[in-house]
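Presented below is the structure to which this report refers.
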Amino acid sequence: MESYGLVLPADDVTWIKTVNDFINDNQAEIDKLYRTYSEGDESPLNWKLLALIFSGTFFLGLGIYLIKFRKPIQRKSFNQGYALLIGVGECADNRLSLPVTVNDVKKLRETLVDSRFCAYPDDENHIRLLHDREATRENILNGLDWLKNQTENDPEATIIVYYSGHGALRKSDNRYYLLQHDTNTRCLEDTALSAEDFTNKLRQIEAKRLLIIIDSCHAAGMATSKEELEKQEREPLLTRILLGFEETAYPKAFINSLNQGEGRVVFTSSKGYESSWIRPDKTMSIYTYHLIEALKGKANKRGDRCIKVSHLMNYLSTKVPASAEELCKAKQNPYFDFTTEDFPIALLRRERSS
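Once you know that position 328 of the sequence shown is 480 in the working numbering, the rest is easy, because the numbers rise by one and skip nothing.
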C-alpha cells in the first residue's frame with residue numbers, strides 16, 4: 153500500500169492516531185460521502201477535499217481516506233447514442249445567415265458528450281457536427297447516410313437528428329425546403345434540401361429509436377434594429393427575399409413524412425406560422441436553451457439515471473412558451489409528434505439541479 157505523510161515536529165504524532173481512529177470508527181459514513189462526492193465528477197476530488205482539511209478532523213480524515221483508498225471510477229457511456237447536429241449559421245447568401253444556430257449546435261454537442269450528463273461517446277463514430285460552410289446539402293445527406301451505416305452496425309442505436317436553420321414553403325404546391333449553407337435563392341428548388349430528399353434519407357435509418365428535432369422559422373436572428381425586428385414580424389425576411397415562398401416552421405405533411413417508421417419521434421420548436429424566438433442576448437434560441445436544460449436533467453426527478461423523450465417533451469412544452477412570453481412578448485408553442493413508446497435518449501450521470 154502507498155504511504156502518505158505530512159512534515160510535522162517529531163514529537164507531534166498524536167494526530168495520526170486521532171485520524172486513524174476516526175477512519176476506523178466512521179468507515180460506513182465515509183464510504184457514503186465518498187460515493188456522493190465522486191459520482192458524476194470527472195476530475196479527481198483530492199484538491200477539492202484537501203482544501204477543507206483545516207476545517208477540522210472530520211475533513212482531514214475524509215481527505216486522507218480519499219487520497220489513500222479512492223479507486224478510479226469506470227464511467228458508463230451511452231455507447232448506443234448517435235447524433236447528427238446541423239446548425240446552418242453562415243450562408244453563402246449572407247441575408248439567410250443565422251449565427252445563433254452555431255451556438256445552439258455547439259452547446260448541444262457539449263451537453264451530449266459531457267460524461268456528467270448525457271455521456272455520448274466523444275468521437276466521430278457517435279456524434280457529428282455540421283455548421284457554417286460545412287452545413288451544405290451534400291454534407292447533410294452524407295451525414296444521414298453515416299447514421300444509416302451506424303444503425304446497420306448497431307441494432308440498438310438511439311439516434312438524434314437536429315436541424316437549426318430556416319425552412320421555407322413554396323406556396324404554389326406546398327413543397328417544403330430546409331435552407332442549408334449553399335442554398336442559392338435564385339434557384340432554390342435546385343439547391344435547397346427538399347423535404348422529400350430529407351425524409352427519404354431518414355427512412356433508410358432503421359433505428360428503433362429516432363428523435364428528429366427541427367428548430368426553424370427563426371425570428372429576430374437577423375434583425376439589427378427594433379425597426380427591422382418589427383418589419384420582420386410583419387413580413388418575414390424570407391417572404392421578402394424569396395418570391396413565391398413563405399417562412400414557416402413546417403407543413404403538417406412534412407411532419408407526417410418524418411414520422412414514418414418504427415420508433416420515430418418528431419419535435420419542432422414552434423407550431424405552424426409561429427416564430428422560433430432567440431434569447432435577447434442573442435446567445436441561443438429559446439427552444440434549444442431549454443432543450444439543453446432538459447438534457448441536463450432539469451425535467452427529471454431525483455434519482456433518475458436516464459433521460460426519456462417524455463422528459464424532454466414535458467419540459468419544453470411548459471418552459472418554451474413561458475420564456476417566449478417573458479423575454480420576447482411573443483407566442484411560441486413547441487410541437488411534438490410522439491406516437492411511439494417512450495424511450496431513453498441519454499444517460500443522466502449527475503443528480504439534477506434543484
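Just so it is clear, CB atoms sit at the ideal spot from N, CA and C, and this is done for glycine as well.
Closer than 9 Å to chain B by CB, residue i
i: residue 443; result: The structure shown has no chain B; it contains just one protein chain.
Presumed contact (8 Å Cβ cut-off) between residue i and residue j, rounded CB distance
i: residue 250; j: residue 317; result: 6 Å
i: residue 460; j: residue 494; result: 5 Å
i: residue 366; j: residue 420; result: 5 Å
i: residue 241; j: residue 278; result: In fact, because the Cβ distance is near 22 Å, the residues do not count as touching under 8 Å.
i: residue 311; j: residue 361; result: 7 Å
i: residue 248; j: residue 331; result: 6 Å
Those residues which DSSP pairs with residue i across a bridge
i: residue 460; result: 496
i: residue 418; result: 364, 489
i: residue 427; result: Looking at the DSSP assignment, residue 427 forms no beta bridge with any residue, so it has no partner.
i: residue 250; result: 241
i: residue 280; result: 236
i: residue 267; result: Note: residue 267 sits in no beta bridge, so no partner.
i: residue 310; result: 233, 361
i: residue 437; result: 430
From the options, residue whose alpha carbon lies closest to that of residue i
i: residue 270; options: 244, 291, 292, 450; result: 450
i: residue 257; options: 349, 239, 276, 443; result: 239
i: residue 326; options: 346, 427, 483, 312; result: 346
i: residue 368; options: 484, 235, 234; result: 484
i: residue 313; options: 282, 275, 335, 448; result: 282
i: residue 309; options: 418, 273, 333; result: 273
i: residue 348; options: 293, 277, 306, 335; result: 293
i: residue 266; options: 302, 229, 276; result: 229
i: residue 353; options: 299, 334, 329; result: 299
i: residue 364; options: 465, 276, 241; result: 465
i: residue 236; options: 467, 248, 260, 355; result: 260
i: residue 468; options: 456, 455, 448; result: 448
i: residue 442; options: 254, 243, 463; result: 463
i: residue 453; options: 321, 500, 263, 234; result: 500
i: residue 324; options: 331, 341, 334, 278; result: 341
i: residue 415; options: 358, 244, 332, 262; result: 358
i: residue 320; options: 305, 285, 336; result: 336
i: residue 456; options: 428, 498, 427, 440; result: 498
i: residue 440; options: 426, 471, 417, 425; result: 471
i: residue 436; options: 426, 343, 254; result: 254
i: residue 343; options: 244, 475, 492; result: 244
i: residue 290; options: 302, 275, 350; result: 350
Any non-hydrogen atom of the ligand NAP within 8 Å of residue i CB
i: residue 427; result: Annotation note on the ligand NAP: not contained in the displayed structure, which lists no ligands.
ask   = Do three or more CB pairs link the segment 427 to 446 to the segment 479 to 499 at distances below 8 Å?
value = yes
ask   = Taking the runs of the beta strand (DSSP E) that are 3 residues or longer, which of them lie wholly in the segment 312 to 376?
value = 318 to 322, 327 to 331, 361 to 367
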